[in-house]
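>
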Amino acid sequence: MRIETMIGPLWLDADQKGLTAVSFEWIPENEEADAEILSLAKQQLEEYFSGERQVFTVPLSFKRGTAFQQKVWRVLTTIPYGQSRTYKQVAEAIGQPKAARAIGQANRLNPLPVVIPCHRVIGQNGQLTGYMGKAENGLVIKRQLLVLENVLLH
0 MRIETMIGPL WLDADQKGLT AVSFEWIPEN EEADAEILSL AKQQLEEYFS GERQVFTVPL
60 SFKRGTAFQQ KVWRVLTTIP YGQSRTYKQV AEAIGQPKAA RAIGQANRLN PLPVVIPCHR
120 VIGQNGQLTG YMGKAENGLV IKRQLLVLEN VLLH
């Protein structure tokens, strides 16, 4: 399913358990995708982008990712709307304080950006760092999301 957002089009996929993908790039329609979950995800993303939603409740389903990556992604969901954490703080939250670089790699591979808010993770010095492995427009998207959440001023 494709939806239009303030950060460009997003493609969604789901299985019978939950949302499996939010992608900035085209993904083929999955005939087995759960239509109810996709509809709920679309509604919640639209509410988020219009400033009406701060917490996603759509069920999630991880079809990929190592145990470490999934642990990181779960911790990211606990970062409150309108707040940020450093890579070091996320590493400490998962009990691996020296894993800041690995946190960055897990963020880059996040299959559910926006819903799993990897955009809320910033550099130790407060600087914005890469977003979703995207070069130029990745930081633009990250900044837009943080401005939407009032973490950053325009």
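End of the sequence shown = 153 in numbering that gives the first Met the number 0, gap-free, step of one. Glycine included, each C-beta is placed from N, C-alpha and C at the ideal position.
So, with DSSP's three-state summary, where would you put residue 10?
Strand, per DSSP.
> Hey, how far is the Cα of residue 147 from the Cα of residue 15?
Answer to the nearest angstrom: the Cα atoms are 31 Å apart.
> Can you find at least 3 beta carbon pairs, one from the region 44-64 and one from the region 84-94, that sit closer than 8 Å?
No, the region 44-64 is not in contact with the region 84-94.
> Applying the criterion that 16 or more other CB atoms from any shown protein chain within 10 Å of the CB defines a buried residue, is residue 66 buried or exposed?
Residue 66 is exposed by the Cβ-count criterion.
> Alpha carbons only, please: which of 78, 71, 79, 76 is nearest the one belonging to residue 100?
Nearest option by C-alpha distance: 71.
> How far does the alpha helix (DSSP H) with residue 99 in it reach, from first residue to last?
Start and end: 99-107.
> Within a Cβ cutoff of 6 Å, which residues of the same chain sit near residue 136, ignoring the five residues on either side of it in sequence?
Cβ within range, chain order: n/a, list empty.
> Once you ignore the five residues that flank residue 0 on each side, which residues in its own chain have a CB closer than 6 Å to its CB?
Cβ neighbours of residue 0 beyond the five flanking positions: 11, 37.
> Identify every residue that forms a DSSP beta bridge with residue 20.
Residue 20 pairs with 12.
> If you follow the alpha helix (DSSP H) that residue 51 is part of, which residue opens it and which one closes it?
Note, residue 51: premise wrong, no alpha helix (DSSP H); not H, not E.
> Could you name each continuous beta strand (DSSP E) segment of 3 residues or more that falls completely within the region 55-130, going from the start of the chain to the end?
As far as the region 55-130 is concerned, it has no whole beta strand (DSSP E) run of at least 3 residues.
> When you compare only the Cα positions, how much space is there between residue 77 and residue 32?
Those two C-alpha atoms are separated by around 26 Å.
> Label residue 119 either buried or exposed according to how many other C-beta atoms from any shown protein chain fall within 10 Å of its C-beta, with 16 as the threshold for buried.
When all chains shown are included, residue 119 counts as buried.
> By how many angstroms is the C-alpha of residue 79 removed from the C-alpha of residue 22?
Their backbone Cα atoms lie some 22 Å apart in a straight line.
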